[in-house]
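Asker: Got a structure here, written out as structure tokens. Questions coming.
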Amino acid sequence: MIHSNRHRHRHRHRHRHRNSLLQANLSVNSLRHRRHYKFSKNKRNSAYRKMDLHPPSGENYAHPQICFFHVLFKGAALAFYILSALFVDSFVIIFVVTVLFAALDFWVVKNVSGRILVGLRWWNEINDNGESVWKFECLDQESMARMNKKDSWLFWWTLYLTAVAWIFFAIFSLIRFQADYLLVVGVCLTLSIANIIGFTRCRKDAKKQLQAFATQTIASRVSSTIHLGPVQAELMAYVARGGAGHDIIVRAALAEKAGEKVRQEDTA
22 MIHSNRHRHR
32 HRHRHRHRNS
42 LLQANLSVNS
52 LRHRRHYKFS
62 KNKRNSAYRK
72 MDLHPPSGEN
82 YAHPQICFFH
92 VLFKGAALAF
102 YILSALFVDS
112 FVIIFVVTVL
122 FAALDFWVVK
132 NVSGRILVGL
142 RWWNEINDNG
152 ESVWKFECLD
162 QESMARMNKK
172 DSWLFWWTLY
182 LTAVAWIFFA
192 IFSLIRFQAD
202 YLLVVGVCLT
212 LSIANIIGFT
222 RCRKDAKKQL
232 QAFATQTIAS
242 RVSSTIHLGP
252 VQAELMAYVA
262 RGGAGHDIIV
272 RAALAEKAGE
282 KVRQEDTA
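Numbering follows this note's numbering, in which position 195 of the sequence shown is assigned residue number 216; successive positions increment by one, without gaps.
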């Protein structure tokens, strides 16, 4: 009778342990599937964004006045530089007016249109050690998701096309050996590229924050579902961030947690 009870108790213990391991494997596989689906979806979306040469249809501009001023000073600087060769003889006037328009465009994009149209803002500071430090700001995730796609499309494409236009004029000035006009183009191109670099880095920083938020959300949901400890939850968060080759460690941690639960039940 005692031997039969021990055999039944041992069989029940093995059955519970096997079910716990199965639950752990299902949790890891589900997390891996979510990570793979998320990666594939982001890859497809990035490919679509690269091919998006036309503005989104069926949507109006949310901030038409800001879009107007975002384009105004770019067009004014380029138009005056092109037409000045026909109507203006003074190089000083050409330099001052063109650079003034470019500086106004730099300020509007950096402090107004970038913050309103795409929810991004950047600036550069000098710390106590004399080093240049980039600072980035972005809206919260919900506000970024509600940003108007047409506004964003106009912001980025005009930013890139303006730099391309100034590069073209720089090459043209080099071919004609016009050092004075090359100076004008160089100043305008520097201001344009500064905004491109700043907002590109700011967008990458915003994506990192979004990925960190998503990773933390997934890890918290998984840990609350299977009641993981802090070490196991950290391992799951590492896998959610894309840590390859650590599924065995996670399974071992989950199995250990499941074994502890079974031992506590047996003791009770």
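Just so you know, even glycine gets a beta-carbon here, dropped at the ideal spot from N, CA and C.
Only counting the same chain, and skipping five residues up and downstream in sequence, which positions put a Cβ closer than 8 Å to that of phenylalanine 127?
Answerer: If we look at phenylalanine 127 and ignore the five residues flanking it on each side, its Cβ neighbours are Leu212, Ser213, Ala215, Asn216.
Asker: Within the same chain, show all residues whose beta-carbon is closer than 7 Å to that of glycine 140, passing over the 5 residues directly before and after it, in chain order.
Answerer: Excluding residues within five positions, the ones whose Cβ falls inside 7 Å are Cys159, Leu160, Ser164, Met165, Met168.
Asker: With a 10 Å radius around its C-beta and 16 neighbouring C-beta atoms as the bar for buried, classify leucine 138 as buried or exposed.
Answerer: The residue is buried, with at least 16 neighbouring Cβ atoms inside 10 Å.
Asker: Buried or exposed for tryptophan 174, please, with buried defined as at least 16 other CB atoms from any protein chain shown within 10 angstroms of its CB.
Answerer: The residue is buried, with at least 16 neighbouring Cβ atoms inside 10 Å.
Asker: Should alanine 191 be listed as close to the ligand FMN, given that the test is whether its C-beta is under 8 Å from any heavy atom?
Answerer: With respect to the ligand FMN, the structure shown offers nothing to examine, as it has no ligands at all.
Asker: Measuring only the C-alpha atoms, how far is lysine 170 from asparagine 81?
Answerer: If you take the alpha carbons of lysine 170 and asparagine 81, they lie about 9 Å apart.
Asker: Measure the Cβ-Cβ separation of valine 154 and asparagine 145 and say whether it is below 9 Å.
Answerer: In contact: valine 154 and asparagine 145 (Cβ atoms closer than 9 Å).
Asker: In the structure shown, what three-state DSSP assignment does arginine 142 receive?
Answerer: Here arginine 142 sits in strand by DSSP.
Asker: Any idea which residues DSSP pairs glutamate 158 with across the strands?
Answerer: Answer by DSSP bridge pairing, in chain order: Arg142.
Asker: Can you tell me whether isoleucine 114 is buried or exposed? The criterion is at least 16 other CB atoms within 10 Å of its CB, across all chains shown.
Answerer: Burial call: exposed.
Asker: Quick one: give me the first and last residue of the alpha helix (DSSP H) that valine 130 is part of.
Answerer: From DSSP, valine 130 is part of no alpha helix (DSSP H); its letter is neither H nor E.
Asker: How about lysine 131 and glycine 207: are their beta carbons less than 9 Å apart?
Answerer: Cβ distance not < 9 Å, so lysine 131 and glycine 207 don't count as in contact.
Asker: Please classify serine 105: does DSSP put it in a helix, a strand, or coil?
Answerer: Residue state, collapsed to three classes: helix.
Asker: Apart from the five residues on each side of it in sequence, which residues of its chain come closer than 7 Å, Cβ to Cβ, to leucine 210?
Answerer: Closer than 7 Å at Cβ, skipping near neighbours: Ala184, Trp187, Ile188, Ala191.
Asker: Excluding the 5 residues preceding and the 5 following tyrosine 102 in the sequence, name in chain order all residues of the same chain whose CB lies nearer than 6 Å to its CB.
Answerer: Around tyrosine 102: Thr119.
Asker: Please classify serine 213: does DSSP put it in a helix, a strand, or coil?
Answerer: Helix at serine 213.
Asker: Apart from the five residues just before and just after valine 92, which ones in its own chain have a Cβ nearer than 6 Å to its Cβ?
Answerer: Closer than 6 Å at Cβ, skipping near neighbours: Thr179.
Asker: Give me the residue from Ala124, Arg136, Phe157, Asp110 with the minimum Cα distance to lysine 229.
Answerer: Cα-wise, what sits closest to lysine 229 is Phe157.
Asker: Since valine 205 contacts phenylalanine 108 with CB under 8 Å, what's their CB separation in whole angstroms?
Answerer: Contact flag wrong, Cβ pair sits at about 16 Å.
Asker: So, under 8 Å CB-CB, phenylalanine 94 and valine 129 are touching, yes? Tell me the CB distance rounded to an integer number of Å.
Answerer: So it is a contact: roughly 6 Å between Cβ atoms.
Asker: On a CA-only basis, which of Ile196, Gly135, Asn150 is nearest histidine 84? Give me that one, please.
Answerer: Closest by alpha carbon: Gly135.
Asker: My output table needs one value for serine 134: the three-state DSSP class, helix, strand or coil.
Answerer: Helix.
Asker: If you drop the 5 nearest sequence neighbours on each side, which residues of the same chain put their C-beta closer than 6 Å to that of alanine 227?
Answerer: Cys159.
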